[in-house]
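Accompanying notes for the structure given below.
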Amino acid sequence: MRDYLLTEEQRMIQDLARKIAQEKIRPVAAKYDETEEFPWEIMRILAQSDLFGVFIPQEYGGLGGGVLELAIVTEELSRACGGIAVCYAATGLGTYPIILFGNEEQKKKYLPLIASGKKLAAFALTEAGAGSDASAIQTTAEKKGDYYLLNGTKQWITNGGEAEVYTVIALTDRTKGARGATAFILEKGMEGFSFGKKEKKMGIRASATRELIFNNCKVPKENVLGKEGMGFIVAMKTFDVSRPGVAAQAVGIAQGALDLAIEYAKERKQFGQSISSFQGIQFMLADMATSIAAARALIYTVCRAVDRGEKDIAKESAMAKLFASDVCMKVTTDAVQIFGGYGYMRDYPIEKFMRDAKITQIYEGTNQIMRNIIALNLIKETLR
Amino acid sequence: MEIIVCIKQVPDTTEVRIDPQTNTLQREGVASIINPFDMYALEEGIRLKEKYGGKVTVITMGPPQAEEALREAISLGSDEAILITDRALAGSDTWATSLTLAKAIEKIGRFDLIICGKQAIDGDTAQVGPGISAHLNIPQVTYVKKIEEIRILEHQSTGAPEHRAPSTHSAIVRVQRMMEEGYVVMEVPLPCLITVVKEINEPRLPSLKGKLRARNALITKWGIQDLGIDKQDVGLEGSPTRVVRVFSPPPRKGGQILQGNVQEMVEKLVELLKSEIL
Ligand SMILES: Cc1cc2nc3c(=O)[nH]c(=O)nc-3n(C[C@H](O)[C@H](O)[C@H](O)COP(=O)(O)OP(=O)(O)OC[C@H]3O[C@@H](n4cnc5c(N)ncnc54)[C@H](O)[C@@H]3O)c2cc1C
Ligand SMILES: Cc1cc2nc3c(=O)[nH]c(=O)nc-3n(C[C@H](O)[C@H](O)[C@H](O)COP(=O)(O)OP(=O)(O)OC[C@H]3O[C@@H](n4cnc5c(N)ncnc54)[C@H](O)[C@@H]3O)c2cc1C
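Chains F and A, in that order, give the protein sequences.
For what it's worth, our numbering labels the leading residue of the first sequence as 226, then goes sequentially.
For what it's worth, our numbering labels the leading residue of the second sequence as 784, then goes sequentially.
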């Protein structure tokens, strides 16, 4: 059951991502967690290995895979460091709007640069007053002939300041409510586009989280993604395909924690025997492994549905993210428990997994919002 | 630049067992990898190609499954791969191995630089590289830790053997050769052979595009007939080395630390030297 029915190519991707995670990321994970520097050396390795191209169509310089390939890589990287993994995964999040809604010129212009890893991407919806309630955003985009003027501030944007390509959701018509938002492609360096302070975080500290500040930022009208007024549709459809990626990050973090817990349980001796001989520990390990396997199976199933082109996947995608992130939190907490007091110490690698786990229950929609989506769809389905 | 890199497939462990009956290495049941030093050789070859243009050809002599090692080399950026495999080669020592590799390189024809690893982690002799250069009658530098530059010389003969067909005439390579303390800088005319140490670079990981290319790449296969080698010149028969016994040297016993003031210690030392060593 190692391969969960992966194809030969997907296994090749998995093997390479695992090798990079073990040989290149694991040795530096603690360093980046400590310094909160952006892991450019790892981004370069991922770029050289073509891993940024796995989910991008071949005609735009990618390898032609989909969200399953993106999930496989994210999972493997997360086993070594959830923070470094999200720098990679957030590029996927920032790129999907272009894959899903970009026109031919936009795809030709941006996708090859992202596939080769020359440029990272990011996605910007959240603002200080608009988290779960995305419709409360205040950033505006005013049309002025052949360009728009953007004003406002986005908050907590992963890869903010490091990425070159940004998908930004802004209001083009305040009177139209949810239909008044539009998605734009922005580039770092555009006039009037700057960055706020870098946040200090509990976990995923290798990743950069910054404000994006738009001060009469001039964006050419060619950079509108889809049509004016489609902003929230772009955002929601993007989340439908990106949430399995967060789920994969969660499963990767959980797996990494379980791997360490097993290793430790075998080594640690109390009462004259290895703690792995205690049933209390064994049952914990068994439950951890089982829930990880279940989460992974759900994620891969949803990814395959997305890659087959199924449209109605909001519910399943939310389920994958909800279940995997809850599994992740539980598994990493139990892993610290297995390490005992040593697990609480920063000298040991396990507490980082617990800190990194928490975010997966929060971003790309909190788990309460995931339950809302699932329940709404359940009710909607019965009305058909 | 026409670059040839010699790689050897070795068991994935430094603890190879030796068959006490035949005194040969036991390879069965152990996963195989490219000899770690050869990964540095390969990386250096690929970097030179990236810098100066040209082509990297990898060759290996080994059993049919050594093809895996060649495919891995392609996934890392080698252009062509040649597997020299023949039952008659079984049991070859370093002389026969280097003769065979030299014949294969002659058959390839054009080359500027041959790169080998410092040594193989299983055989450990470090003789094959120098052996190849001797058979080919070209210069060699072992333990290279840095290639400083490759320089084309104008209007000057480098003294390259006339019967070879190097693709670049009148060029030299400037290298740093590792010594116990420090290094020496040497200039050598091309074509030549170098063996490299791990200080020379940090090998890259494969790329997915490289792996996909490697999957379908054509591997050239040559036997001893293709190389015009006589059966009695290779294999056990053609190997002058006779292994008498293979053993691990006994671990060194710990030294003795003398106590007391200087006078006492000197006296004790002299006494010890007189009684035990002299
Ligand atoms: C490290 C990090 C990185 C991020 N990266 C990005 C990014 O790249 N791009 C981006 O656009 N955003 C990003 N975000 C923002 C993230 O998506 C939001 O934080 C998230 O959507 C929740 O919004 P909020 O923090 O404002 O919480 P709130 O919406 O204020 O929620 C507070 C609490 O109330 C609950 N709640 C809210 N509404 C309901 C409801 N209707 N029913 C039940 N409970 C409810 C929530 O579940 C939560 O528990 C990031 C956030 C963090 C922390
Ligand atoms: C004591 C002893 C007894 C042995 N007895 C036998 C025996 O009876 N039968 C037997 O089959 N083998 C035997 N061998 C193994 C055999 O002699 C060597 O494995 C082989 O000749 C290569 O030498 P090496 O492994 O020392 O390589 P080294 O000389 O250490 O290798 C240096 C470099 O040469 C190149 N190179 C080496 N081998 C190859 C290759 N095959 N293809 C391409 N490039 C290569 C690589 O670049 C490598 O890094 C014995 C080895 C030893 C040490």
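Even glycine gets a Cβ: it sits at the ideal position worked out from N, Cα and C.
Computed from a prediction, not measured in an experiment: that's the story for all the values here.
(request) For Ala-353 (chain F), name the three-state secondary structure that DSSP assigns. (result) The three-state secondary structure of Ala-353 (chain F), taken from DSSP, is coil.
(request) Would you tell me roughly how many angstroms separate the C-alpha atoms of Gly-566 (chain F) and Leu-485 (chain F), rounded to the nearest one? (result) Looking at the two C-alpha atoms, the distance is approximately 15 Å.
(request) Run down chain A in chain order and give the residues with a C-beta less than 9 Å from the C-beta of Leu-288 (chain F). (result) Within chain A, the residues near Leu-288 (chain F) are Leu-991, Lys-992 and Leu-995.
(request) Report the residue from F:Gln-247, F:Ile-250, F:Gly-327 and F:Leu-336 whose alpha carbon sits nearest the alpha carbon of Gly-287 (chain F). (result) It is F:Leu-336 whose Cα lies nearest to the Cα of Gly-287 (chain F).
(request) For Glu-447 (chain F), collect the residues of the same chain with a Cβ closer than 8 Å to its Cβ; drop the 5 residues on either side in sequence, then sort them by chain order. (result) Same-chain partners within the cutoff: Glu-330 and Gln-331.
(request) Give the C-beta separation of Gly-428 (chain F) and Leu-302 (chain F) to the nearest angstrom, bearing in mind that I take them to be a contact with Cβ-Cβ under 8 Å. (result) Beta-carbon to beta-carbon, Gly-428 (chain F) and Leu-302 (chain F) are separated by about 15 Å, too far to satisfy the 8 Å threshold.
(request) Answer with buried or exposed for Met-509 (chain F), where buried requires no fewer than 16 other C-beta atoms within 10 angstroms of its C-beta. (result) Classification of Met-509 (chain F): buried, given that the 10 Å Cβ count is 16 or more.
(message) For Thr-805 (chain A), tell me which candidate among A:Arg-996, A:Asn-818, A:Gly-828 and A:Gly-874 has the shortest Cα-Cα distance.
(response) Relative to the Cα of Thr-805 (chain A), the nearest Cα in the group A:Arg-996, A:Asn-818, A:Gly-828 and A:Gly-874 belongs to A:Gly-874.
(request) Tell me whether the beta-carbon of Ile-787 (chain A) lies closer than 9 Å to the beta-carbon of Ile-842 (chain A). (result) Cβ atoms of Ile-787 (chain A) and Ile-842 (chain A): closer than 9 Å.
(request) Look up Gly-377 (chain F) in the DSSP assignment and give the residues it is bridged to. (result) Looking at the DSSP assignment, Gly-377 (chain F) forms a beta bridge with F:Phe-439.
(request) Could you tell me which chain A residues have their CB closer than 8 Å to the CB of Ser-341 (chain F), listed as they occur along the chain? (result) What Ser-341 (chain F) touches in chain A: nothing, since even the nearest Cβ is about 10 Å away.
(message) I want to verify the contact list: residues of chain A whose CB lies under 9 Å from the CB of Ile-270 (chain F), in sequence order.
(response) Those within 9 Å of Ile-270 (chain F) in chain A are Arg-987 and Leu-988.
(message) Nearer than 8 Å: is that true of the beta carbon of Thr-383 (chain F) relative to any heavy atom of ligand 1?
(response) Taking 8 Å as the cut-off, the C-beta of Thr-383 (chain F) counts as close to a heavy atom of ligand 1.
(request) Give the interface partners of Leu-336 (chain F) over in chain A, defined as CB-CB distance under 8 Å, in chain order. (result) In chain order: nothing, as chain A lies at least about 16 Å away.
(request) In angstroms with no decimal places, state the Cα-to-Cα distance between Pro-949 (chain A) and Gly-892 (chain A). (result) Note that Pro-949 (chain A) scores 48 on pLDDT, short of 50, meaning its location in the model is unreliable; the coordinates nonetheless yield the value given after this. Each residue's Cα considered, the two are about 8 Å apart.
(request) Give a yes or no on contact between the stretch 535-554 of chain F and the stretch 599-608 of chain F, applying the rule of three or more CB pairs nearer than 8 Å. (result) Put simply, the stretch 535-554 of chain F touches the stretch 599-608 of chain F. At least three CB pairs are less than 8 Å apart.
(message) Give me the subset of the stretch 241-257 of chain F whose CB atoms are less than 7 Å from a CB atom of chain A, sorted by chain position.
(response) Going along the stretch 241-257 of chain F in chain order, one finds Leu-241, Lys-244 and Ile-245 with a Cβ nearer than 7 Å to chain A.
(request) Out of F:Glu-576, F:Thr-320 and F:Leu-325, point me to the one whose CA is closest to Gly-342 (chain F)'s CA. (result) The residue with the shortest Cα to Cα distance from Gly-342 (chain F) is F:Thr-320.
(message) Restricting to Cα atoms, I'd like to know which of F:Arg-304, F:Arg-269, F:Leu-271 and F:Cys-312 is closest to Gln-247 (chain F).
(response) Distance check between Gln-247 (chain F) and each of F:Arg-304, F:Arg-269, F:Leu-271 and F:Cys-312 places F:Arg-304 closest, using alpha-carbon atoms only.
(message) Can you tell me where the alpha helix (DSSP H) holding Gln-593 (chain F) begins and where it ends?
(response) Where Gln-593 (chain F) is concerned, the enclosing alpha helix (DSSP H) stretches over 592-608.
(request) Look up Ala-522 (chain F) in the DSSP assignment and say whether it is helix, strand or coil. (result) Helix.
(request) Report the neighbours of Gln-273 (chain F) on chain A: residues whose CB is nearer than 9 Å to its CB, in chain order. (result) Per Cβ cutoff of 9 Å: Arg-987, Leu-988 and Ser-990.
(message) Here's the rule: buried if 16 or more other CB atoms are within 10 angstroms of the residue's CB, otherwise exposed. What is Pro-803 (chain A)?
(response) Using a 10 angstroms sphere on the CB of Pro-803 (chain A), the tally of other CB atoms stays under 16, which defines it as exposed.
(request) Counting only runs of 4+ residues fully inside the stretch 481-554 of chain F, write out the alpha helix (DSSP H) ranges in chain order. (result) Secondary structure in the stretch 481-554 of chain F: the alpha helix (DSSP H) runs of 4 residues or longer, each lying completely within the stretch, are 504-533 in chain order.
(message) Please tell me whether, using a cut-off of 8 Å, the distance from the CB of Ser-357 (chain F) to the nearest non-hydrogen atom of ligand 1 is below it.
(response) Correct: Ser-357 (chain F) has its Cβ closer than 8 Å to ligand 1.
(message) Below 8 Å on C-beta distance, what does Gly-295 (chain F) contact in chain A?
(response) In the sequence as presented, Gly is not what sits at residue 295 (chain F); that position holds Leu. Within 8 Å Cβ-Cβ: nothing; Leu-295 (chain F) doesn't reach chain A, min ~13 Å.
(message) Rounded to the nearest angstrom, what separates Leu-271 (chain F) and Ile-1060 (chain A) at their Cα positions?
(response) When rounded, the distance between both Cα atoms is 60 Å.
(message) Just to make sure I have the definition right: I need the residues of chain A whose C-beta is within less than 9 Å of the C-beta of Met-237 (chain F). Which are they?
(response) By Cβ distance, chain A contributes Leu-991, Lys-994, Leu-995 and Arg-998.
(request) May I ask you to report which of helix, strand or coil DSSP gives Lys-1014 (chain A)? (result) Lys-1014 (chain A): helix per DSSP, three-state reduction.
(message) What does the alpha-carbon distance come out to for the pair Leu-825 (chain A) and Val-958 (chain A)?
(response) If I take the Cα positions, the gap works out to 17 Å.
(request) Could you round the C-beta distance between Asn-376 (chain F) and Phe-439 (chain F) to whole angstroms and report it? I think they count as a contact, below 8 Å. (result) 5 Å between Cβ atoms; contact.
(request) Pull up the distance between the alpha-carbon of Leu-882 (chain A) and that of Ala-511 (chain F), whole angstroms please. (result) Rounded to whole angstroms, Leu-882 (chain A) to Ala-511 (chain F) spans 57 Å at the Cα level.
(request) Can you tell me the Cβ-Cβ gap for Tyr-391 (chain F) and Val-471 (chain F), rounded? I've got them flagged as a contact below 8 Å. (result) Going by Cβ atoms, the distance from Tyr-391 (chain F) to Val-471 (chain F) rounds to 19 Å, so no, they are not a contact pair.
(request) For Thr-877 (chain A), I'd like the list of residues in its chain whose CB is within less than 6 Å of its CB, leaving aside the five on either flank, ordered along the chain. (result) The residues are Thr-908, Gln-910, Val-911 and Gly-914.
(message) In whole angstroms, give me the CA-to-CA distance for Ala-315 (chain F) and Met-237 (chain F).
(response) Rounded to whole angstroms, Ala-315 (chain F) to Met-237 (chain F) spans 22 Å at the Cα level.
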